[in-house]
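K.L.:
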């Protein structure tokens, strides 16, 4: 059971890291799209 708990904890921390990476990429994408739209106008 202890190994399962530690595995779960490490998976959760990995999940948090991935989520923050995704959020950063999302912001980057949105700003890039916004800038492209401004240039096209």
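Numbering (the numbering used here), first residue to last: 33 to 73.
Where a beta carbon is used, it is the ideal one built from N, C-alpha and C, also for glycine.
Quick check: what's the CA-CA separation for residue 33 versus residue 58?
P.N.:
So the alpha carbons of these two residues sit roughly 37 Å apart.
K.L.:
Taking the straight line between their C-alpha atoms, what separation do you get for residue 48 and residue 66?
P.N.:
Going from the Cα of residue 48 to the Cα of residue 66 covers about 27 Å.
K.L.:
Measure the alpha-carbon distance for residue 40 versus residue 72 and round it to whole angstroms.
P.N.:
Taking the straight line from one Cα to the other gives about 47 Å.
K.L.:
Tell me the rounded alpha-carbon separation between residue 69 and residue 55.
P.N.:
Using only the alpha carbons, I get a separation of about 21 Å.
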